[in-house]
Amino acid sequence: MCGRYALAAPRSQLSRHFALDQCVELAARYNIAPATDVAVIRQSPGGQRVAHLLRWGLLPQWAKDPALAARLINARGESLSDKPAFRDAFRKRRCLIPASGFYEWQAIAAPAGPARKQPFYSSLQSGEVMAFGGLWEAWTAPDGEVVRSCCIVTTAANEGLRAIHPRLPLIVARQHWQAWLSAPADEAGDLIRPCPDGELQTWPVSPRVGKVNEDDPALITALREKET
Numbered sequence: 029m030c031g032r033y034a035l036a037a038p039r040s041q042l043s044r045h046f047a048l049d050q051c052v053e054l055a056a057r058y059n060i061a062p063a064t065d066v067a068v069i070r071q072s073p074g075g076q077r078v079a080h081l082l083r084w085g086l087l088p089q090w091a092k093d094p095a096l097a098a099r100l101i102n103a104r105g106e107s108l109s110d111k112p113a114f115r116d117a118f119r120k121r122r123c124l125i126p127a128s129g130f131y132e133w134q135a136i137a138a139p140a141g142p143a144r145k146q147p148f149y150s151s152l153q154s155g156e157v158m159a160f161g162g163l164w165e166a167w168t169a170p171d172g173e174v175v176r177s178c179c180i181v182t183t184a185a186n187e188g189l190r191a192i193h194p195r196l197p198l199i200v201a202r203q204h205w206q207a208w209l210s211a212p213a214d215e216a217g218d219l220i221r222p223c224p225d226g227e228l229q230t231w232p233v234s235p236r237v238g239k240v241n242e243d244d245p246a247l248i249t250a251l252r253e254k255e256t
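Counting the sequence shown from 1 gives a position; the working numbering is that position plus 28.
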């Protein structure tokens with residue numbers, strides 16, 4: 029799964045990197061959590077590539093209770109075509125979610141008592157901003173307010189990260205960005221696979237990232253060996 033990530037790139041960098049026609053103003057964030065507004069790249073009806081803020085936690089158009097979004101922050105890539113919550117968005121409303129890196133937690137056995145969880149941060153070896161595969165929806169509340177929301181598609185972990193967590197966000201390679209945004213669903217489905225081994229760099233980070241009110245660059249700093 030993916031429950032926390034970081035995006036520290038400024039608007040100008042995102043616009044160049046993703047060839048955006050529009051991009052929302054962004055502040056650097058090092059602990060992006062569900063139920064907050066996040067940068068999402070979509071293709072407009074006119075074919076433009078635009079980045080807007082959407083709420084993280086998918087709210088399907090047919091939902092009766094907006095609380096459903098809290099359970100739909102991730103979508104398993106293997107079942108997008110089958111699950112009612114995701115299948116329509118997978119066919120018609122795919123998006124890219126830019127990230128500098130993401131966090132996963134590894135359960136570590138303790139000599140006595142319950143296992144503790146050590147967070148790890150992963151980013152591209154190249155240092156570039158990555159793009160998660162995502163889905164988005166527009167839900168209309170009874171009072172007429174339109175809520176635009178998104179979720180992150182996940183896939184099996186690659187061999188290098190499987191020991192930390194069995195699931196990882198779907199990382200869409202640059203050459204496939206446009207296909208994920210606009211190709212037919214069966215073609216997009218072929219892109220759902222683990223990130224190749226060797227493309228990511230990973231290190232342990234402070235448990236502070238588990239607190240949603242913590243948000244500073246030190247969260248992605250590697251812990252020294254004696255701190256882990």
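C-beta: ideal position from N, C-alpha, C; glycine also.
Worksheet entry | Cβ neighbour criterion (16 or more within 10 Å) applied to ILE136 | Here residue 136 refers to the residue found at position 108 when the sequence shown is read from its first residue. The residue is exposed, with fewer than 16 neighbouring Cβ atoms inside 10 Å.
Fill in: CA-to-CA distance, ASP214 to ALA37, given in whole angstroms
Here residue 37 refers to the residue found at position 9 when the sequence shown is read from its first residue. Here residue 214 refers to the residue found at position 186 when the sequence shown is read from its first residue. The straight-line gap from Cα to Cα measures roughly 32 angstroms.
Fill in: Presumed contact (8 angstroms Cβ cut-off) between THR182 and LEU196, rounded CB distance
Working through the sequence shown from its first residue, we reach residue 182 at position 154. Working through the sequence shown from its first residue, we reach residue 196 at position 168. Rounded, the Cβ-Cβ distance is 7 angstroms, consistent with contact.
Practice prompt. Please confirm whether LEU35 and ALA79 have their CB atoms less than 8 angstroms apart.
Written response: On the sequence shown, residue 35 is found 7 positions in, with the first residue counted as 1. On the sequence shown, residue 79 is found 51 positions in, with the first residue counted as 1. No. Outside cutoff.
Worksheet item: For PHE130, does the three-state DSSP call read helix, strand or coil?
Response: The count along the sequence shown starts at 1 and reaches residue 130 at position 102. PHE130: strand per DSSP, three-state reduction.
Item to complete: Could you tell me which of ARG176, TRP133, ARG202 sits nearest to LEU81, measuring between CA atoms?
Response: Within the sequence shown, residue 81 is the residue found at index 53, counting from 1. Here the closest residue by C-alpha is ARG176.
Discussion item. Per the DSSP calculation, TYR33 is bridged to which residue(s)?
Written reply: Position 5 of the sequence shown, counted from the first residue, corresponds to residue 33. Paired residues: ILE60, PHE130.
Item to complete: Find the nearest neighbour of THR168 within the set LEU198, LYS145, PRO112, PRO88, judged by alpha-carbon distance.
Response: The count along the sequence shown starts at 1 and reaches residue 168 at position 140. Of LEU198, LYS145, PRO112, PRO88, the residue nearest in Cα terms is PRO88.
Practice prompt. Answer with buried or exposed for ASN241, where buried requires no fewer than 16 other C-beta atoms within 10 angstroms of its C-beta.
Written response: To locate residue 241, count along the sequence shown from 1; it is residue 213. Counting Cβ neighbours within 10 Å, ASN241 comes out exposed, since fewer than 16 surround it.
Discussion item. Would VAL200 and TYR131 qualify as a contact pair, given that the criterion is a beta-carbon distance under 8 angstroms?
Written reply: For this step, residue 200 is matched to residue 172 along the sequence shown. For this step, residue 131 is matched to residue 103 along the sequence shown. Taking 8 angstroms as the Cβ cut-off, VAL200 and TYR131 do not qualify as a contacting pair.
Item to complete: May I ask you to report which of helix, strand or coil DSSP gives HIS193?
Response: Residue mapping note: residue 193 aligns to position 165 of the sequence shown, counting from 1. Reduced to three states, the DSSP call for HIS193 is coil.
Discussion item. Would ARG77 and ASP110 qualify as a contact pair, given that the criterion is a beta-carbon distance under 8 angstroms?
Written reply: Walking along the sequence shown from the start, residue 77 turns up at place 49. Walking along the sequence shown from the start, residue 110 turns up at place 82. No, these two residues do not count as a Cβ contact at 8 angstroms.
Worksheet item: Would PRO232 pass as a contact of GLN146 if the rule is Cβ separation under 8 angstroms?
Response: By one-based count along the sequence shown, residue 232 stands at place 204. By one-based count along the sequence shown, residue 146 stands at place 118. In contact: PRO232 and GLN146 (Cβ atoms closer than 8 angstroms).
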